[in-house]
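Take 5 as the starting number for the sequence shown in my numbering and just add one per residue.
See below for the structure under consideration.
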Amino acid sequence: MSQPRGRPFEPGNKMGRGRPRGSRNKRTAQAQAILDQYAESITKRCVAKALDGNVRALTLCMDRILPSLREPGIRIRIPKMEQIKDINVASQRIVDAIGNGNITPSEGEKLGAMLQIHRANLERLELEARITELEKIAEQQYPVTSRRRDA
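Put into structure tokens, the structure is as follows:
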């Protein structure tokens with residue numbers, strides 16, 4: 005008969021626990037040891053091939069020398085946005101920052117998109133509050149009765 009699914013090892017089997025967390029596979033550890041041993045000569049050879057015009061080696065070397073750049077942070081003062089009118093002030097400050105050359109138009113576009121998302125969230129919250137208030141008023145003026153009309 006086969007073992008029940010999920011319990012392939014007998015209780016007390018020390019080998020059935022698997023590898024400890026964070027431990028490395030023996031083959032991976034061996035391969036890393038070999039690479040570490042020859043790392044300098046492999047790197048020199050890769051650089052030599054890059055200098056000879058091997059495009060793949062050149063790309064590999066350039067990726068190490070000059071990794072892809074991350075976008076720099078933007079410093080701009082905007083008000084705390086708790087109401088929709090605050091978003092209008094923030095939008096104006098972004099436009100002014102673009103005009104003054106403090107941020108690029110693409111950075112301003114990204115910030116503007118973020119403001120639009122925030123505006124939509126604020127509008128949704130405002131509408132939910134207004135609907136809830138209207139429902140309370142309607143319930144007070146027109147209470148729901150559980151009377152049943154018989155025809």
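Ideal placement from N, C-alpha and C gives every residue a C-beta, glycine not left out.
- In the structure shown, the three-state DSSP call for Leu131 is helix.
- Here the segment 82-100 makes no contact with the segment 50-59; the two share fewer than three CB pairs at distances below 8 Å.
- At least 8 Å separates the beta-carbon of Arg97 from that of Ile121.
- In this structure Arg123 touches Ile91 by the C-beta definition: roughly 5 Å separates them, less than 8 Å.
- Sequence-distant partners of Leu119 (beyond 5 residues in either direction) whose C-beta falls short of 7 Å from its own C-beta, in its chain, are Ile91, Ala94 and Ser95.
- In the three-state DSSP reduction, Arg68 falls in the helix class (H, G or I).
- Exclusion of the five residues before and after Arg134 leaves no residue of its chain whose Cβ lies closer than 6 Å to its Cβ.
- In the DSSP assignment, Gly105 falls outside any alpha helix (DSSP H) and carries neither an H nor an E.
- By the Cβ neighbour-count rule, Ala101 is buried, with 16 or more other Cβ atoms within 10 Å of its own.
- Counting only residues of its own chain and dropping the five nearest sequence neighbours on each side, Leu126 has a CB closer than 6 Å to the CB of Ile88.
- The beta carbon of Arg128 sits closer than 8 Å to no other beta carbon from its chain once the five residues preceding and following it are set aside.
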